[in-house]
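Participant: Attaching a single structure in C-alpha cells format; questions to follow.
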Amino acid sequence: MSETPVRFGVLGCATIARILSRAIRLAPNASISAIGSRSIDKASKFASRKRLPGVYGSYEAVLDDPEVDAVYVPLPTSLHLKWAVLAAEKKKHLLLEKPVALDVKELDTILEACESNGVQFMDATMWMHHPRTAKMKEFLSDPRRFGQLKSIHSIFTFDAGPDFLNNNIRVKPDLGALGDAGWYCIRAILWVVDYNPFSLLNPSETDEQRGDDLDDRGDERRGLSRFPSEVRRGGDRRTERGGERLSRFPHLSVQPKSQLDGIGGNAINSIDEKNL
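And the structure:
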C-alpha cells in the first residue's frame, strides 16, 4: 500500500457520490481534493458537509485541478463516455460508476483512452469485492454443501415514490431500469455462472411515450434463471385458469437480494441499506 494517499476528485453531487465520498474519506490511503457540479451552489453545499478544499461549478475544472490524482464519476451512464475519456486524457485515474457504458463499443473506447494515457480504470462494483460475496462463491463451489445449481432468483426493488416515473434518470431511454437496478440482477446471474451463459432471452416491457424499459425479464439457460428488475407498473396475468397479480411499489426501501437454489440447499445474499 502506498504511503501517499490517492487524491480524488468527484464529478457530480448525486446521492451515491455522497455515500462513496464518505468511504473514500474513511480509507487511510485516499482523500477527496475536489468536487465539481454544473451548479456551484450544489457543489458548495456538498463541500461544506465534507469539508472539501476544492469546489468547482463545472466538471472540467475538477479534471484541470493539479491536486487531483483520480476522479470518481457517478454521472448517468449516457455521460460516461465523454467524461471518462476526458479524464483519461487529463491523466486522471478513473473510478467509473456502474454500468460503465451504454454498449461494448463505448466501453472499448474508454478502456483504450485509459490504456493509451497510462491511467488505471476500475468500475464501481462494490458488492463484487465484498467478503460476503467471496463466501457465497466458496459455498457455491462446494458440491457437498450446495450441489448442482438449479435456479437463480435475483431481484432489486425499491420504493419509487410519486415523482419517480416523471423525473428519475432510471426511466430515461439510455438503459432505463435495466441499466441501474436490473444491472445488479444480471451481474449476479453472470457471476454465478462464471460469466459464461449458454444463451440469454430478455423480453421487456417498454413505455411507449418515453421509450424506456420499465420491466425486464430474462431466462439465462444454464439451469434456469429469471431476473425481473424494477420499476414494475402492474400485474401478471396467466391463462388458462390462472390468476392475476397486481403490484404498486410495495417495497419500503432499497433491498437488493440474490437467491441461488441447488440440490443441497440455497444461498441468499441480501444487503441491508443501513450498513451502506
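The sequence shown stops at residue 276 when you use full-length UniProt numbering, and every number in between is there. Glycine included, C-beta positions come from ideal geometry on N, C-alpha and C.
(1) One question on the structure: do TYR59 and GLY36 come within less than 7 Å of each other, judged by their Cβ atoms?
(2) Rounded to whole angstroms, what's the CA-CA distance from ASP103 to LEU79? Just pull it up for me.
(3) Can you look up ASP41 in the DSSP assignment and give me helix, strand or coil?
(4) Which of the three DSSP states is assigned to LEU52 in this structure?
(5) Looking only at C-alpha atoms, which of THR133, ASP69, LEU11 sits nearest to ASN29?
(6) So within the stretch 101–170, which uninterrupted beta strand (DSSP E) runs reach at least 3 residues, ignoring any that extend past its ends?
(7) Which one of THR15, GLY179, MET128 has the shortest CA to CA distance from VAL100?
(8) Does the beta-carbon of ALA23 have 16 or more other beta-carbons within 10 angstroms, so that it is buried, or is it exposed?
(9) Output needed for TYR195: all residues of its chain with C-beta closer than 6 Å, excluding positions within five of it in sequence on either side, in chain order.
(10) Mind checking ARG33: buried by the 16 CB within 10 Å criterion, or exposed?
(11) When we look at the beta-carbon of ARG187 and count the other beta-carbons within 10 Å, is it buried (16 or more) or exposed?
(12) State the Cα-Cα distance for the pair PRO5 and LEU86, rounded to the nearest angstrom.
(13) Compute the distance between the beta-carbons of PRO53 and GLY12, then report whether it is under 7 Å.
(14) Look at VAL62 and GLY9 and say whether their C-beta atoms are less than 7 Å apart.
(15) Would you call ARG245 buried or exposed, if buried means 16 or more other Cβ atoms sit within 10 Å of its Cβ?
(16) Helix, strand or coil: which one does DSSP assign to GLY12?
(17) Measuring straight from C-alpha to C-alpha, what distance separates ASP123 and ARG144?
Facilitator: In this structure, then:
(1) Position 59 of the sequence shown, counting from 1, holds the residue named residue 59. Position 36 of the sequence shown, counting from 1, holds the residue named residue 36. Using a Cβ distance threshold of 7 Å, TYR59 and GLY36 count as a contacting pair.
(2) In the sequence shown, the residue the question calls residue 103 occupies position 103. In the sequence shown, the residue the question calls residue 79 occupies position 79. Rounded to whole angstroms, ASP103 to LEU79 spans 13 Å at the Cα level.
(3) Residue numbering aside, residue 41 sits at position 41 when the sequence shown is read from its first letter. DSSP places ASP41 in helix when its eight states are reduced to three.
(4) Along the sequence shown, one-based indexing puts residue 52 at 52. It is coil, neither helix nor strand.
(5) For the purposes of this step, residue 29 is identified with residue 29 of the sequence shown, where counting begins at 1. Comparing alpha-carbon positions, the option among THR133, ASP69, LEU11 lying closest to ASN29 turns out to be ASP69.
(6) DSSP runs (the beta strand (DSSP E)) wholly in the stretch 101–170: 121–124, 149–155.
(7) The residue given as residue 100 occupies position 100 in the sequence shown. Of the candidates THR15, GLY179, MET128, GLY179 places its Cα closest to the Cα of VAL100.
(8) Working through the sequence shown from its first residue, we reach residue 23 at position 23. Flag for ALA23 reads exposed.
(9) Position 195 of the sequence shown, counted from the start, is the residue given in the question as residue 195. None.
(10) For the purposes of this step, residue 33 is identified with residue 33 of the sequence shown, where counting begins at 1. Note that residue 33 is Ser in the sequence shown here, rather than Arg. Taking every protein chain shown into account, the CB of SER33 has 16 or more other CB atoms within 10 angstroms, so this residue is buried.
(11) Here residue 187 refers to the residue found at position 187 when the sequence shown is read from its first residue. ARG187 is buried by the Cβ-count criterion.
(12) Counting from 1 along the sequence shown, the entry for residue 5 is found at position 5. Counting from 1 along the sequence shown, the entry for residue 86 is found at position 86. Distance between the alpha carbons of PRO5 and LEU86 is about 23 Å.
(13) By one-based count along the sequence shown, residue 53 stands at place 53. By one-based count along the sequence shown, residue 12 stands at place 12. With contacts defined as CB atoms closer than 7 Å, PRO53 and GLY12 fail to qualify as a contacting pair.
(14) Locating residue 62 in the sequence shown gives position 62, where the first residue counts as 1. Locating residue 9 in the sequence shown gives position 9, where the first residue counts as 1. By the CB criterion at 7 Å, VAL62 and GLY9 fall inside the cutoff.
(15) One-based indexing of the sequence shown puts residue 245 at position 245. Its pLDDT being 44, under 50, ARG245 is placed unreliably by the model, and the measurement read from it follows with that caveat. Exposed, since its Cβ has fewer than 16 Cβ neighbours within 10 Å.
(16) Here residue 12 is taken as the residue at index 12 of the sequence shown, counted from 1. GLY12 falls in the coil class under three-state DSSP.
(17) Indexing the sequence shown from 1 puts residue 123 at position 123. Indexing the sequence shown from 1 puts residue 144 at position 144. For ASP123 and ARG144, the distance between alpha carbons rounds to 34 Å.
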